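In the working numbering, the protein residues as written are 167 to 542. Since the structure comes first, as structure tokens, the remarks are kept for the end.
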Ligand SMILES: *Cc1c(COP(=O)(O)O)cnc(C)c1O
């Protein structure tokens with residue numbers, strides 16, 4: 167069976183995890199955590215990066231940092247993972263879904279302004295497939311209405327918008343190091359990027375169970391106390407050790423993924439010319455990270471037929487999000503502003519192909535051959 171995904175394994179993970187084990191300190195904020203955070207800050211030009219247990223936890227931190235109250239509204243796409251919405255609903259906020267663009271399935275920047283009310287506090291920019299939202303338009307709207315921007319960059323580590331790393335543009339950015347993402351911290355993991363310096367001190371407190379323990383460890387205060395709301399949003403150093411092995415060769419992983427992505431792209435281009443499918447696009451200004459190769463079929467029926475066809479060839483290809491506004495909790499905690507012209511239609515015909523660091527050329531060729539034989 168060719169799986170849809172396999173967690174990246176690059177070689178040094180066991181050695182680094184062994185070294186973390188011998189250090190006598192496995193909890194959060196150990197040596198590997200520091201190395202990863204410094205690397206991420208330097209690489210993405212962000213003043214403060216904090217490793218977390220997941221992108222879900224990072225989004226929750228962001229929602230606490232924004233001081234949301236019951237009745238506040240947060241704008242986001244409906245075509246996203248549940249955590250994007252849950253993090254804000256947990257604070258009592260109402261989620262306002264806005265339709266996505268046909269080409270990228272990201273928030274349609276031209277439909278956001280109409281959804282802004284006096285209760286709107288934030289916009290969550292989800293960079294689907296590691297392809298950037300129009301961050302110029304979104305930041306300009308935030309500026310005009312005094313809103314905060316949270317980037318859900320779970321899929322977008324190493325992607326850029328007009329040369330700027332995704333996750334580093336909004337007030338807060340959230341990364342995922344889940345095993346389905348480009349880089350993993352041994353299965354689960356995340357990072358919060360604090361780009362607005364005014365939020366740094368509180369972010370550290372929220373992550374340390376609401377205490378100023380980080381300041382205590384830096385010798386800035388002589389005892390630490392309970393200061394604010396908080397939770398435990400630290401990643402174990404054992405996981406950071408796993409992640410460090412991957413960040414060390416982040417460019418090599420990125421290039422390998424881009425190579426696989428381009429190979430699909432070239433092999434399937436003839437099908438586009440025959441009008442049989444739609445391939446992913448990158449609007450001007452976007453440099454993606456090959457997080458995903460998603461094709462779009464004629465409709466849901468053709469997609470099911472292709473999934474079955476590939477399964478018979480022992481290949482796993484999978485569809486993606488059921489739009490949140492159509493789900494029971496989405497209806498309870500949110501509302502869709504405007505017409506759903508693109509979200510549902512496109513989500514029903516999207517199919518993701520196997521794409522992961524350790525996918526062999528042979529296996530990818532098998533996937534390509536099987537796809538071509540379905541269409542010809
Ligand atoms: C994967 C993903 C998340 C959640 O990441 P975890 O690290 O599993 O919590 C959130 N948002 C998006 C867009 C994702 O793709």
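We treat Cβ as the ideally placed atom computed from N, Cα and C, and that holds for glycine. Just so you know, these numbers come straight off a predicted model, no measurement behind them.
Distance from residue 359 to residue 212 at the Cβ level is roughly 5 Å; contact confirmed, criterion being Cβ atoms closer than 8 Å.
Taken from the Cβ of residue 221, at least one heavy atom of ligand 1 lies inside 7 Å. Bounds of any beta strand (DSSP E) do not take in residue 477; it lies within the alpha helix (DSSP H) bounded by 466 to 478. When C-beta atoms of the region 234 to 245 are compared with those of the region 208 to 223, fewer than three pairs fall below 8 Å, so the two segments do not count as touching.
Inter-segment contact for the region 451 to 468 and the region 291 to 304 is present: three or more beta-carbon pairs are separated by less than 8 Å. When the Cα atoms are used, residue 536 and residue 471 turn out to be separated by approximately 13 Å.
It is roughly 16 Å from the alpha-carbon of residue 250 to the alpha-carbon of residue 346. DSSP places residue 514 in the coil class of the three-state scheme, outside both helix and strand. DSSP places residue 356 in the strand class (E or B) of the three-state scheme. Proximity of the beta carbon of residue 448 to ligand 1 is not indicated: no heavy atom of the ligand is located closer than 7 Å. Three or more Cβ pairs closer than 8 Å define a contact, and the region 263 to 271 meets that threshold against the region 496 to 511.
For residue 199, there is no enclosing beta strand (DSSP E); the enclosing alpha helix (DSSP H) has its first and last residue at 197 to 210. Here the alpha carbons of residue 274 and residue 337 stand approximately 20 Å from one another. Ligand 1 approaches residue 318 closely enough that one of its heavy atoms is under 7 Å from the residue's Cβ.
The closest heavy atom of ligand 1 lies less than 7 Å from the beta carbon of residue 356. Counted as a single uninterrupted DSSP element, the stretch harbouring residue 320 is not any beta strand (DSSP E), since DSSP gives it neither H nor E.
Straight-line measurement puts the Cα of residue 348 at about 25 Å from the Cα of residue 369. Three or more beta-carbon pairs drawn from the region 439 to 458 and the region 409 to 429 are found closer than 8 Å, and the two stretches are therefore classed as touching. Taking the Cβ atoms as the reference, residue 341 lies roughly 20 Å from residue 308, outside the contact range of under 8 Å. Remark: three or more beta-carbon pairs, one from each stretch, lie closer than 8 Å, so the region 245 to 259 and the region 217 to 228 are flagged as touching. In this structure, DSSP gives residue 174 a state outside helix and strand, which the three-state scheme calls coil.
Per DSSP, residue 499 lies in no beta strand (DSSP E); the unbroken alpha helix (DSSP H) holding it starts and ends at 494 to 499.
For residue 538, the enclosing alpha helix (DSSP H) begins and ends at 527 to 541.
Beta-bridge partners assigned by DSSP to residue 460: 518.
Checking the 7 Å criterion, the Cβ of residue 292 is within range of a heavy atom belonging to ligand 1. At a cut-off of 7 Å, the beta-carbon of residue 344 counts as near ligand 1: some heavy atom of the ligand is closer than that. Within the model, the alpha-carbon separation for residue 395 versus residue 365 is close to 14 Å. About 6 Å separates the CB atoms of residue 401 and residue 355; that is less than 8 Å, so the two are in contact.
For residue 397, the Cβ stays outside the 7 Å cut-off from all heavy atoms of ligand 1. In the pairwise beta carbon analysis, the region 171 to 181 is classified as not touching the region 376 to 391: fewer than three pairs are separated by under 8 Å.
Secondary structure at residue 242: strand, using DSSP grouped into helix, strand and coil. Here the distance from the Cβ of residue 250 to the nearest heavy atom of ligand 1 is below 7 Å. Counted as a single uninterrupted DSSP element, the stretch harbouring residue 259 is not any beta strand (DSSP E), since DSSP gives it neither H nor E. The straight-line gap separating the alpha-carbon atoms of residue 540 and residue 428 is approximately 20 Å.
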